[in-house]
Structure formats: structure tokens, C-alpha cells
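A.B. asks:
Number of protein chains: 2
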Amino acid sequence: MAPLRQHIEEIAPLTDAEFDQVQSFFTLKKVRKHQYLVNEGDEVKYEYLVLSGIYRVFYVDDQGKEYIVQFAKAGWWMSDYEAFFKQGKASMFIECLVAGEVFYATLDAREQLSKELHQMEHFFRVKLTNGYVAQQQRIKLLLSSTPQQRYEAFARLYPDLLQQVPKKLIAEYLGVSRETLSRLYAG
Amino acid sequence: MAPLRQHIEEIAPLTDAEFDQVQSFFTLKKVRKHQYLVNEGDEVKYEYLVLSGIYRVFYVDDQGKEYIVQFAKAGWWMSDYEAFFKQGKASMFIECLVAGEVFYATLDAREQLSKELHQMEHFFRVKLTNGYVAQQQRIKLLLSSTPQQRYEAFARLYPDLLQQVPKKLIAEYLGVSRETLSRLYAG
DNA sequence: ATTATCGTGTGATTTGGATCACACGGTTTT
DNA sequence: AAAACCGTGTGATCCAAATCACACGATAAT
């Protein structure tokens, strides 16, 4: 649980007693490659904090095409957040691409911890603030940029993922076809 | 200031004393049509809570094309949030489309109120949660949908804006050309 | 060892939407 | 009242990226 504490304390310092309380809401889980943490149609009981490994949060349209909403690596949170927050059914899948470990916790954990510990509400607010800004940048990119620019932005932001993730999946994240993406760094 | 109180208390009840404290950070401002609240390059000192009127948050690319990141109407918050949170220069404009009034406050206000009043930190967390989910839906739409589907989703979500805002601007929000949008409901 | 499957590159063809161009009625301006 | 501008529709053309198709080496499966 030490990494959990460190992760939180980068934003919100906690006493030992407080961290014990936090800790009690989180469970550690090992995840194998190709394992799914969430499937479309599931109740989304948990959100996940990645300790290690790589994951993709994606959905599938009626024609079977896949679109990646989020990658996740160490230190990132992930879930089908729409379903998680509204406690509805998943419209997305979460798949493990590289084996690793995650912490998971319920919405109740988030809400109770936020209520009982002002520090934890602060922590979640700061995380959401960062996530909000990151998503807004993504929206701007999707609205106005060429495949070229999207690829460059991705390479700048996530050089590590560029190495570890098949290009096909990067294309699914960028909203570009596999072939077009391939031609970007060839030409 | 009554509408401000009501707006906050939908999420986080406050005592009179607490609200006084909150209130002291907000200022009311009348806004005329075509008035700009933020210009590209500005220091973004404020975020805005809309009381009335309609506003657009947009940016302009190197070719002069405009893209709308957000519309805002009564009860919505707006700013160039990336610049606001990071206290950097604006990359966007905020323009008033229909005259009205806004409250505004600084980042300091948000941070201090969050620190001093657990309730306010809760309020902001809930707002960010909703904003995060809404943005994620937008990302999904931009990634996978046709102009047709985007238009339909917009019409479903914001039937009022569809009436009050020129189609050209709706096209800029959807990431579609004016002409294509026009042909959607003709065909 | 041989056969699938996966990741990737690359050519040929198609196509949806952007762009360009113009029309026309409704406001606002002078 | 004439002139300029705005919002909107619509036809013609163009083009960037999707789609279709195939190749080929590398990894995984039988």
C-alpha cells in the first residue's frame, strides 16, 4: 500500500491514522495480459489506480470499430467514469495490454473518503482538475488538428506508450486509420 | 447574490456566515453582446459563472478557422480553464453572444474557499466530476460519430442553443463545415 | 516444423466532407 | 431608399483520409 500513500501524498498529506482509513477502501489486484477489468454492459463497481502495466479504455461502435478513450499506465486512474459516477452500465471495455497490478475502490469509497477527510476531497478535486484540462486539450486536438499533428502531440505527451503499444491502438486513440498513421512517419 | 447561493446550495448547503464568506470572492458583471471576457494572450485572472446570456469559448487556428470548445448559458461555468488553472496566457477567446450577467472570481478564490470550507471543496469536486463526464462524452462523439450523429446529439442535449445560436457557430462546435451542417437537415 | 495470427508497411480506389462559388431574403447602416 | 452585411441554402469541384487489397517478417499456436 506504500505506493498508494505516496501517490496521494503528492497532493494531500495524511496522518498515519488517516491513511489507514483510506487504505481500508482499496484492494490490490494482479492483472494478466488480455484480461478485461470492465466489459460493456457490466455494472461498473470500481475505479482503478494503476500501479504497473498498461491498459486501454475503449468502446466499440455498431460496425465493430474500436475507439480508445484512454490509455493508462502507472499512477493513472481509470474506469468507465460515466458509468462509474452515474452507477450505470458500462458502455466501454477496459483491457490489460501489459500485465501489472492495480488498486481498485468503489464509488462509495470515493464519496465517503471525500466526506470524512477534507484532504481526500482535495485530492480528488485536484485530480479531476488535471483530468479536465487534459481532456479539454484532447477535444481541441480532435476538433482542429490533422492526423500529423495528432501523432506529433501524442509522441510528445506519451513517448513511452508510442514504444509499448501497437500502432493500430494508437490510431484508435487518435481517431485515424491504421494505414494513415503508418504513412505519417514513412512519408 | 441570491442566485449564486442557490446555485451552490443545490450541491453543498451553506450557513449564512459561510455564504457571506463565499460571496465576498465573487463580483457581478453585466456583459454586452459582442463583448469579449477573455482574449487570446491575456492573463486569465477569472472564471465565470453565467447568470444570464449566452457565451462562446473558442480558439482560432493559424489559418483563422474558429473552433468552439464550449457554449455557456445560465448556470454554467466557463473560462479558458487550462490557462486559468495553470495561471498562464489564454489560448482562447470568450465572447458574449447574447447579453447578460456573469459572476466572476479568481483562482485564489477557488483555492481559498476550497481550503477554508470543506463544503466548497465538495461543490467544486462535484462540478468537476460532471464536467469531466460531459467532456468524455464529447470526446467519444468526436472520435466516432458522423456529422449527422453529432448534430442529433447536440440537438438532443441543447435544443435551446440550437434556436438561439447561428448554425455557423454550431458547426464550429461540432467540428463540421457550415455547408455540411446545413445539408444535414435539408437532406 | 508447419501452420495460423499479429503487427506493420504500402499500393490502388473510393468517398465523405471541405472548399469554392453564388444566390437570396432579412437586418442594420448611412 | 440604397447600400452593405449577415445568416443560410445549395450546386460544383477537390482532396485528404478511409477503405480495400496484398505482402512479408515475426511471434505464437498445434
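The listed protein sequences correspond, in order, to chains A and B.
Residue numbers are given in UniProt numbering: position 111 of the first sequence equals residue 111, and the series is strictly consecutive.
Residue numbers are given in UniProt numbering: position 2 of the second sequence equals residue 2, and the series is strictly consecutive.
Quick reminder that beta carbons are idealized off the backbone N, C-alpha and C, glycines included.
Starting from Leu113 (chain A) and walking both ways along the alpha helix (DSSP H), at which residues does that stretch end?
C.D. replies: Translated into the one-based positions of the first sequence, residue 113 (chain A) becomes position 113. Leu107 to Glu116 is the extent of the alpha helix (DSSP H) around Leu113 (chain A).
A.B. asks: Under 8 Å by Cβ, that's how I've got Val31 (chain B) and Ala83 (chain B) pegged, so tell me the actual separation to the nearest angstrom.
C.D. replies: Working through the second sequence from its first residue, we reach residue 31 (chain B) at position 31. Working through the second sequence from its first residue, we reach residue 83 (chain B) at position 83. Contact doesn't hold; Cβ gap of about 19 Å is too wide.
A.B. asks: Since Phe84 (chain A) is in the alpha helix (DSSP H), which residue starts that stretch and which ends it?
C.D. replies: Translated into the one-based positions of the first sequence, residue 84 (chain A) becomes position 84. From DSSP, the alpha helix (DSSP H) with Phe84 (chain A) extends over Tyr81 to Lys86.
A.B. asks: Name the chain B residues that come within less than 9 Å of Ser144 (chain A), Cβ to Cβ?
C.D. replies: Position 144 of the first sequence, counted from the first residue, corresponds to residue 144 (chain A). Those are Tyr59, Asp61, Lys65, Tyr67 and Gly175, listed as they occur along chain B.
A.B. asks: Exposed or buried, which one is Val102 (chain A) when buried takes at least 16 other CB atoms within 10 Å?
C.D. replies: The residue you call residue 102 (chain A) lines up with position 102 of the first sequence. With 16 or more Cβ atoms within 10 Å of its Cβ, Val102 (chain A) is classed as buried.
A.B. asks: Can you give the Cα-Cα distance for Arg56 (chain A) and Cys96 (chain A), rounded to whole angstroms?
C.D. replies: Taking the first residue of the first sequence as 1, we reach residue 56 (chain A) at position 56. Taking the first residue of the first sequence as 1, we reach residue 96 (chain A) at position 96. So the alpha carbons of these two residues sit roughly 7 Å apart.
A.B. asks: Does any CB atom of chain A fall closer than 8 Å to the CB of Ala129 (chain B)?
C.D. replies: As a first step, residue 129 (chain B) must be located in the second sequence, where it is residue number 129. First, the amino acid is wrong: residue 129 (chain B) is Thr here, not Ala. Closer than 8 Å to some Cβ of chain A, the Cβ of Thr129 (chain B) qualifies, so yes.
A.B. asks: Which residue or residues does DSSP assign as beta-bridge partners of Val44 (chain A)?
C.D. replies: Position 44 of the first sequence, counted from the start, is the residue given in the question as residue 44 (chain A). Looking at the DSSP assignment, Val44 (chain A) forms no beta bridge with any residue, so it has no partner.
A.B. asks: Which residues in the same chain as Leu184 (chain A) place their Cβ atom closer than 8 Å to its Cβ, once the five residues preceding and following it in sequence are excluded?
C.D. replies: Taking the first sequence and counting its residues from 1, the one referred to as residue 184 (chain A) is at position 184. Answer for Leu184 (chain A): Pro147, Gln148 and Tyr151, listed in chain order.
A.B. asks: Strictly under 8 Å for the Cβ-Cβ distance: is Arg125 (chain B) near chain A by that measure?
C.D. replies: Against the second sequence, residue 125 (chain B) aligns to sequence position 125. Closer than 8 Å to some Cβ of chain A, the Cβ of Arg125 (chain B) qualifies, so yes.
A.B. asks: Could one say the Cβ of Lys140 (chain A) lies closer than 8 Å to chain B's Cβ atoms, at least one of them?
C.D. replies: Here residue 140 (chain A) refers to the residue found at position 140 when the first sequence is read from its first residue. Lys140 (chain A) counts as touching chain B.
A.B. asks: If you count every other CB in all the chains shown that lies within 10 Å of the CB of Leu114 (chain A), and 16 or more means buried, which is it?
C.D. replies: Against the first sequence, residue 114 (chain A) aligns to sequence position 114. According to the sequence shown, residue 114 (chain A) is Ser rather than Leu. Residue environment: Ser114 (chain A) is assigned as buried (16 or more neighbouring CB atoms within 10 Å of its CB, all protein chains considered).
A.B. asks: Please look up how many angstroms separate the CB atoms of Gln35 (chain B) and Gln135 (chain A), rounded, as I've assumed it's under 8 Å.
C.D. replies: Looking up residue 35 (chain B) in the second sequence gives position 35. Looking up residue 135 (chain A) in the first sequence gives position 135. The pair is not a contact, with the Cβ atoms about 28 Å apart (cut-off 8 Å).
A.B. asks: Quick one: is Arg156 (chain A) buried, meaning 16 or more other Cβ sit within 10 Å of its Cβ, or exposed?
C.D. replies: By one-based count along the first sequence, residue 156 (chain A) stands at place 156. By the neighbour-count rule (16 or more Cβ atoms within 10 Å), Arg156 (chain A) is not buried but exposed.
A.B. asks: Using a C-beta to C-beta distance shorter than 7 Å, which residues of chain A count as neighbours of Phe85 (chain B)?
C.D. replies: Taking the first residue of the second sequence as position 1, residue 85 (chain B) is located at position 85. Near Phe85 (chain B) (Cβ distances below 7 Å), the residues of chain A are Thr129 and Val133.
A.B. asks: Could you tell me the distance, in whole angstroms, from the CA atom of Ile139 (chain A) to the CA atom of Val69 (chain B)?
C.D. replies: One-based indexing of the first sequence puts residue 139 (chain A) at position 139. One-based indexing of the second sequence puts residue 69 (chain B) at position 69. Distance between the alpha carbons of Ile139 (chain A) and Val69 (chain B): 8 Å.
A.B. asks: Suppose the cutoff is 8 Å on Cβ atoms and the five residues either side in sequence are ignored; what does the same chain contact list for Lys167 (chain B) look like?
C.D. replies: One-based indexing of the second sequence puts residue 167 (chain B) at position 167. Excluding sequence neighbours, Lys167 (chain B) sits near Arg178, Leu181 and Ser182.
A.B. asks: Out of curiosity, what's the CA-to-CA distance linking Glu40 (chain A) and Asp61 (chain A)?
C.D. replies: Counted from its first residue, the first sequence places residue 40 (chain A) at position 40. Counted from its first residue, the first sequence places residue 61 (chain A) at position 61. Each residue's alpha carbon lies about 11 Å from the other.
A.B. asks: Give the secondary structure of Lys167 (chain B) by DSSP, where H, G and I count as helix, E and B as strand, and everything else as coil.
C.D. replies: As a position in the second sequence, residue 167 (chain B) is number 167, starting the count at 1. DSSP places Lys167 (chain B) in helix when its eight states are reduced to three.
A.B. asks: Closest Cβ-Cβ distance between Gln136 (chain A) and chain B: below 8 Å?
C.D. replies: In the first sequence, the residue the question calls residue 136 (chain A) occupies position 136. Yes, because at least one Cβ of chain B sits closer than 8 Å to the Cβ of Gln136 (chain A).
A.B. asks: Drop a sphere of 10 angstroms on the beta-carbon of Val50 (chain A), count the other beta-carbons inside from all chains shown, and report buried for 16 or more, exposed for fewer.
C.D. replies: For this step, residue 50 (chain A) is matched to residue 50 along the first sequence. Result: buried.
A.B. asks: Taking beta-carbon pairs under 8 Å, can you tell me which members of the stretch 71-84 of chain B lie near chain A?
C.D. replies: Tyr81 and Glu82
A.B. asks: At the level of alpha carbons, what is the spacing between Ile54 (chain B) and Phe71 (chain B)?
C.D. replies: For the purposes of this step, residue 54 (chain B) is taken as residue 54 along the second sequence, with counting starting at 1. For the purposes of this step, residue 71 (chain B) is taken as residue 71 along the second sequence, with counting starting at 1. In a straight line, the C-alpha of Ile54 (chain B) is about 7 Å away from that of Phe71 (chain B).
A.B. asks: So, for Leu28 (chain B): in the same chain, excluding its five sequence neighbours on each side, which residues have a beta-carbon less than 7 Å away from its beta-carbon?
C.D. replies: Counting from one through the second sequence, the residue named residue 28 (chain B) turns up at place 28. The answer, listed in chain order, is Glu101 and Phe103.
A.B. asks: Does the CB of Glu121 (chain B) have a neighbour CB from chain A at under 8 Å?
C.D. replies: Translated into positions along the second sequence, residue 121 (chain B) becomes position 121. Yes - at least one Cβ of chain A is within 8 Å of the one on Glu121 (chain B).
A.B. asks: Name the chain B residues that come within less than 8 Å of Ser114 (chain A), Cβ to Cβ?
C.D. replies: What you label residue 114 (chain A) is simply residue 114 of the first sequence in a count that begins at 1. Within chain B, the residues near Ser114 (chain A) are His122 and Arg125.
A.B. asks: CB-CB under 6 Å to Trp76 (chain B), same chain, minus the five flanking residues each way: which ones, in chain order?
C.D. replies: By 1-based counting over the second sequence, the position of residue 76 (chain B) is 76. Excluding residues up to 5 positions away in sequence, Val50 lie with their Cβ nearer than 6 Å to the Cβ of Trp76 (chain B) in the same chain.
A.B. asks: Cα separation between Tyr81 (chain B) and Glu47 (chain B)?
C.D. replies: Counting from 1 along the second sequence, the entry for residue 81 (chain B) is found at position 81. Counting from 1 along the second sequence, the entry for residue 47 (chain B) is found at position 47. Their backbone Cα atoms lie some 8 Å apart in a straight line.
A.B. asks: Measuring straight from C-alpha to C-alpha, what distance separates Asp20 (chain A) and Asp108 (chain A)?
C.D. replies: Reading the first sequence from its first residue, position 20 is the one you call residue 20 (chain A). Reading the first sequence from its first residue, position 108 is the one you call residue 108 (chain A). Computed Cα separation, rounded: 17 Å.
A.B. asks: Apply the 10 Å Cβ neighbour rule to residue 193 (chain A) and answer buried if 16 or more other Cβ atoms are within range, or exposed otherwise.
C.D. replies: No information on residue 193 (chain A) is available, as it lies outside the stretch 1 to 187 that chain A covers here.
A.B. asks: How would you label Ala2 (chain A), buried or exposed, when you count the other beta carbons within 10 angstroms and need 16 or more for buried?
C.D. replies: Against the first sequence, residue 2 (chain A) aligns to sequence position 2. Ala2 (chain A) should be labelled exposed.
A.B. asks: Considering only the alpha carbon of each residue, which of A:Tyr59, A:Arg125, A:Gly88 and A:Arg110 lies closest to Ser24 (chain A)?
C.D. replies: For this step, residue 24 (chain A) is matched to residue 24 along the first sequence. Residue A:Arg110 is the option with its Cα nearest to Ser24 (chain A).
A.B. asks: With a 10 Å radius around its C-beta and 16 neighbouring C-beta atoms as the bar for buried, classify Gly88 (chain A) as buried or exposed.
C.D. replies: Here the question's residue 88 (chain A) lines up with position 88 in the first sequence. Per the 10 Å Cβ criterion, exposed.
A.B. asks: For chain B, is any of its Cβ atoms less than 8 Å away from the one on His118 (chain A)?
C.D. replies: Position 118 of the first sequence holds residue 118 (chain A). So, interface residue.
A.B. asks: Quick check on the burial criterion: 16 or more other C-beta atoms within 10 angstroms. Buried or exposed for Gln63 (chain A)?
C.D. replies: Along the first sequence, read from residue 1 onward, the residue named residue 63 (chain A) stands at position 63. Looking at its Cβ environment, which holds fewer than 16 other Cβ atoms inside 10 Å, Gln63 (chain A) is exposed.
A.B. asks: Is Glu9 (chain B) helix, strand or coil by DSSP?
C.D. replies: One-based indexing of the second sequence puts residue 9 (chain B) at position 9. In the structure shown, Glu9 (chain B) sits in a helix (DSSP, three-state: H, G or I).
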